[in-house]
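Visitor: The structure follows.
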Amino acid sequence: MSDHWDVVVIGGGGAGLAAAVSAAEEGASVLLFESETELGGSTALSAGIFTAAGTSVQSGLGIDDTAEKFFQHYMDLNQWVLAPGLIRAFCENAAPTLEWLIGLGVEIPAAISGNAHQPGLAQAGVEDVWRGHVPKDQGYGLIQVLDKARRKHGIEVIFGTRVQKLIEEDGRVVGVVADDIEVPAGAVVVASGGFAQDPALVDRYFPDANKAEESLFVVAADGSRGDHLRFAQDLGASVAGDGWGLIMPTVYFQRFHHWQSGFPPKSRVNVNQNGRRFMDEDASYAVSTGIIDQQGGYGWMIFDEDARVNQTPGYADWNPERVAEEAAAGRTLRADTVEELAELIGVPAQTLTATVDRWNVQLPNGYDDDFLRHRTLRNKGAVGNPDRIGTAPFYAAKILPAELVCTHAGLEINSSAAVLGKTGVPIEGLYAAGEAGAGILGLRYVGGGNAVANALTMGRIAGRNAASFTKTDAAGVPVNSIAHA
Numbered sequence: 079m080s081d082h083w084d085v086v087v088i089g090g091g092g093a094g095l096a097a098a099v100s101a102a103e104e105g106a107s108v109l110l111f112e113s114e115t116e117l118g119g120s121t122a123l124s125a126g127i128f129t130a131a132g133t134s135v136q137s138g139l140g141i142d143d144t145a146e147k148f149f150q151h152y153m154d155l156n157q158w159v160l161a162p163g164l165i166r167a168f169c170e171n172a173a174p175t176l177e178w179l180i181g182l183g184v185e186i187p188a189a190i191s192g193n194a195h196q197p198g199l200a201q202a203g204v205e206d207v208w209r210g211h212v213p214k215d216q217g218y219g220l221i222q223v224l225d226k227a228r229r230k231h232g233i234e235v236i237f238g239t240r241v242q243k244l245i246e247e248d249g250r251v252v253g254v255v256a257d258d259i260e261v262p263a264g265a266v267v268v269a270s271g272g273f274a275q276d277p278a279l280v281d282r283y284f285p286d287a288n289k290a291e292e293s294l295f296v297v298a299a300d301g302s303r304g305d306h307l308r309f310a311q312d313l314g315a316s317v318a319g320d321g322w323g324l325i326m327p328t329v330y331f332q333r334f335h336h337w338q339s340g341f342p343p344k345s346r347v348n349v350n351q352n353g354r355r356f357m358d359e360d361a362s363y364a365v366s367t368g369i370i371d372q373q374g375g376y377g378w379m380i381f382d383e384d385a386r387v388n389q390t391p392g393y394a395d396w397n398p399e400r401v402a403e404e405a406a407a408g409r410t411l412r413a414d415t416v417e418e419l420a421e422l423i424g425v426p427a428q429t430l431t432a433t434v435d436r437w438n439v440q441l442p443n444g445y446d447d448d449f450l451r452h453r454t455l456r457n458k459g460a461v462g463n464p465d466r467i468g469t470a471p472f473y474a475a476k477i478l479p480a481e482l483v484c485t486h487a488g489l490e491i492n493s494s495a496a497v498l499g500k501t502g503v504p505i506e507g508l509y510a511a512g513e514a515g516a517g518i519l520g521l522r523y524v525g526g527g528n529a530v531a532n533a534l535t536m537g538r539i540a541g542r543n544a545a546s547f548t549k550t551d552a553a554g555v556p557v558n559s560i561a562h563a
């Protein structure tokens, strides 16, 4: 192993690999530390969707889109509480990063995708122009392509090693300490993921997740332990995104990602604590958690016996046997009539009956005047209309934000992915990306692919700028950062 590296990257997930490969493309010598025994992090566990605007995939489908439109939508959804300059840099660089990935071997056909597992272009969230790019082989496929590029560039990885601290000299980061060994570097990129796997940090930086109590479950990678926040404390770096994160609504008994847990029945209606329907049951998770929060933090998912027995077998949570077990234990409520079910969940029987009756008149006939779910089902490629909710017994399962996916508090970065000190001035030699580099994942998660696009786009910018920083001009002054990838 070399005695000195141009760039040290902390974390071998999507952001870290993108940073390492892009730094190597700039001619830098790169060393990557991964705390786990394999590469991938949370990116490898994801569907791999990538949000971007103005891409070759969109053009291949005749879709006219621009980074400017993406920026406007992104800022509006987040109520303009994010730094516009940083968000513009992200939106402008997302498409070039996607094209870079395609050039490396990622396959995204110019085809319409009806879901997060069908390669092509899908509706990511609540955008009017579809921007969710679904790659072949999901997030695992993205990691395999990036790892192939890593090996091509001869980038060394040290597995099973958690960086203990960053080395700072005269306000500049000049290396890391790992296994009590100092590793000098011209620049460091922190891409160590989020903190979803550290309950104490969740308590401090994303306490809203704890509202789910015993229903809470975490789907982030095991390495998401918040090392970046420890580095921030050590260096006096600024932390952004406090209190923000992505927690998705699920029924209380779900414990895995949907592709392990399975999916709730198409024939279902979500009602609030008054027994009234309050949402499109397939609303994007860009907005669905906020909708449920407005109803007191939880609602009830109502379905019938036909929906239970017709669940696709083989999934961990959503299967006929599991639902029956939950009902037998009294955790999922079950009754012979809708009126009796209303009494069990504590809502007016007349209201719940009217809700189910109205749902039965509309959705099985292909329209939904109240919440327009027929549009969402069509966009997701659903075949056929939902069946009526009418076969006893009837079931009610509590639905609430309970699936903790990613956390948004981290090292505050600027448009060059440089980490800022508390004065707002960049800390020389220090860059961050992904969940560790905060300011892009904001108040509202824009939709499927927001985190992956953030990780890979800002990872690429961080790697390129870290490599640039290690280069000096004739006077020995570091070369300026590359503002745009």
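Just so it is clear: in the sequence shown, position 419 is 497 by this note's numbering, and no numbers are missing.
Don't be surprised by glycine CBs; every beta carbon is placed ideally from N, CA and C.
Computed from a prediction, not measured in an experiment: that's the story for all the values here.
1) Please report how far the alpha carbon of Glu146 lies from the alpha carbon of Ala406, in whole angstroms.
2) Starting from Ala227, trace the alpha helix (DSSP H) both ways and give me its first and last residue.
3) Could you give the first and the last residue of the continuous beta strand (DSSP E) run that contains Asn348?
4) Closer than 8 Å: is that where the CB of Gly105 sits relative to any heavy atom of the ligand SAM?
5) Specify the secondary structure class of His82 as computed by DSSP and reduced to three states.
6) Exposed or buried, which one is Ser137 when buried takes at least 16 other CB atoms within 10 Å?
7) So what's Ile180 in DSSP terms, helix, strand or just coil?
8) May I ask you to list the residues that DSSP assigns as paired with Leu441?
9) Tell me which same chain residues have a C-beta within less than 6 Å of the C-beta of Ala496, skipping the five on either side of it?
10) Identify every residue that forms a DSSP beta bridge with Pro327.
11) For a test of the three-state rule: what should DSSP assign to Val296, helix, strand or coil?
12) Assuming Met357 is part of the alpha helix (DSSP H), what are its boundary residues?
13) Using 8 Å for Cβ pairs, my map puts Thr115 next to Leu220. What's the rounded Cβ distance?
14) Count the other CB atoms within 10 Å of the CB of Ala553; is the residue buried (16 or more) or exposed (fewer)?
15) For Ile259, which of helix, strand or coil comes out of DSSP?
16) Looking at the secondary structure, which residues open and close the beta strand (DSSP E) in which Lys289 lies?
17) Taking the C-alpha atoms as reference points, what is the distance between Ala561 and Thr390?
18) Quick one: what's got a C-beta closer than 8 Å to Ile233's C-beta in the same chain, skipping five residues either side?
19) Compute the distance between the beta-carbons of Asn532 and Phe168, then report whether it is under 9 Å.
20) Is the Cβ-Cβ distance between Leu430 and Gly353 less than 9 Å?
21) Per DSSP, Trp378 is paired with what?
22) Enumerate, from N- to C-terminal direction, the unbroken beta strand (DSSP E) stretches of 3 or more residues contained entirely within the stretch 479-547.
23) For Trp337 and Arg250, what's the separation of their Cα atoms in angstroms?
24) Starting from the Cα of Lys476, find the closest Cα among Asp446, Gly377, Gly537 and give me that residue.
25) If you draw a straight line from the alpha carbon of Lys458 to that of His452, how long is it in whole angstroms?
26) Where does Ala315 fall in DSSP's three states?
27) Taking buried to mean at least 16 other C-beta atoms within 10 Å of its own C-beta, is Asn528 buried or exposed?
28) Can you tell me the Cα-Cα spacing of Asp551 and Val86, whole angstroms?
29) With distances taken Cα to Cα, identify the nearest neighbour of Thr133 among Ala189, Gly89, Tyr152.
30) Please report how far the alpha carbon of Gly502 lies from the alpha carbon of Ile518, in whole angstroms.
31) Quick check: the Cα distance between Gly537 and Arg522, rounded to an integer number of angstroms?
32) Looking at the strands, I want to know which residues DSSP matches up with Glu246.
33) Quick check for students: name the residue ranges of the beta strand (DSSP E) that lie wholly in the stretch 109-165, counting only runs of 3 or more.
34) For Arg564, which residues of its own chain have a beta-carbon under 7 Å away from its beta-carbon, when the five flanking residues on both sides are left out?
35) Is the beta carbon of Phe295 closer than 9 Å to that of Leu482?
36) Note down the Cα distance separating Glu96 from Gly392, rounded to an integer number of angstroms.
Guide: The answer reads as follows:
1) 53 Å
2) 216-230
3) 347-349
4) As for the ligand SAM, it is missing from this structure, which has no ligand bound.
5) coil
6) exposed
7) helix
8) Note: Leu441 sits in no beta bridge, so no partner.
9) Pro504, Tyr509
10) Pro479
11) strand
12) Here Met357 belongs to no alpha helix (DSSP H), and DSSP marks it neither H nor E.
13) Wrong, their Cβ atoms sit about 19 Å apart, outside the cutoff.
14) Low confidence applies to Ala553: its pLDDT is 46, below 50, so where it sits in the model is not reliable enough to give any reading.
15) strand
16) First-last for Lys289: undefined, no H or E at that position.
17) The predicted position of Ala561 is uncertain, since its pLDDT is 49 and thus under 50; no value can be drawn from it.
18) Ala98, Val99, Ala102, Val108, Leu109, Leu110
19) yes
20) yes
21) Val349, Lys476
22) 488-490, 496-498, 504-510
23) 44 Å
24) Gly377
25) 10 Å
26) strand
27) buried
28) Low local confidence applies: a pLDDT of 45 at Asp551 is under 50, so the model's placement there is unreliable, with the coordinate-based value given in what follows. Looking at the two C-alpha atoms, the distance is approximately 21 Å.
29) Ala189
30) 16 Å
31) 21 Å
32) Val251
33) none
34) Any question about residue 564 goes unanswered here, given that the chain covers just 79 to 563.
35) yes
36) Strictly speaking, residue 96 in this sequence is Ala, with Glu absent from that position. Looking at the two C-alpha atoms, the distance is approximately 35 Å.
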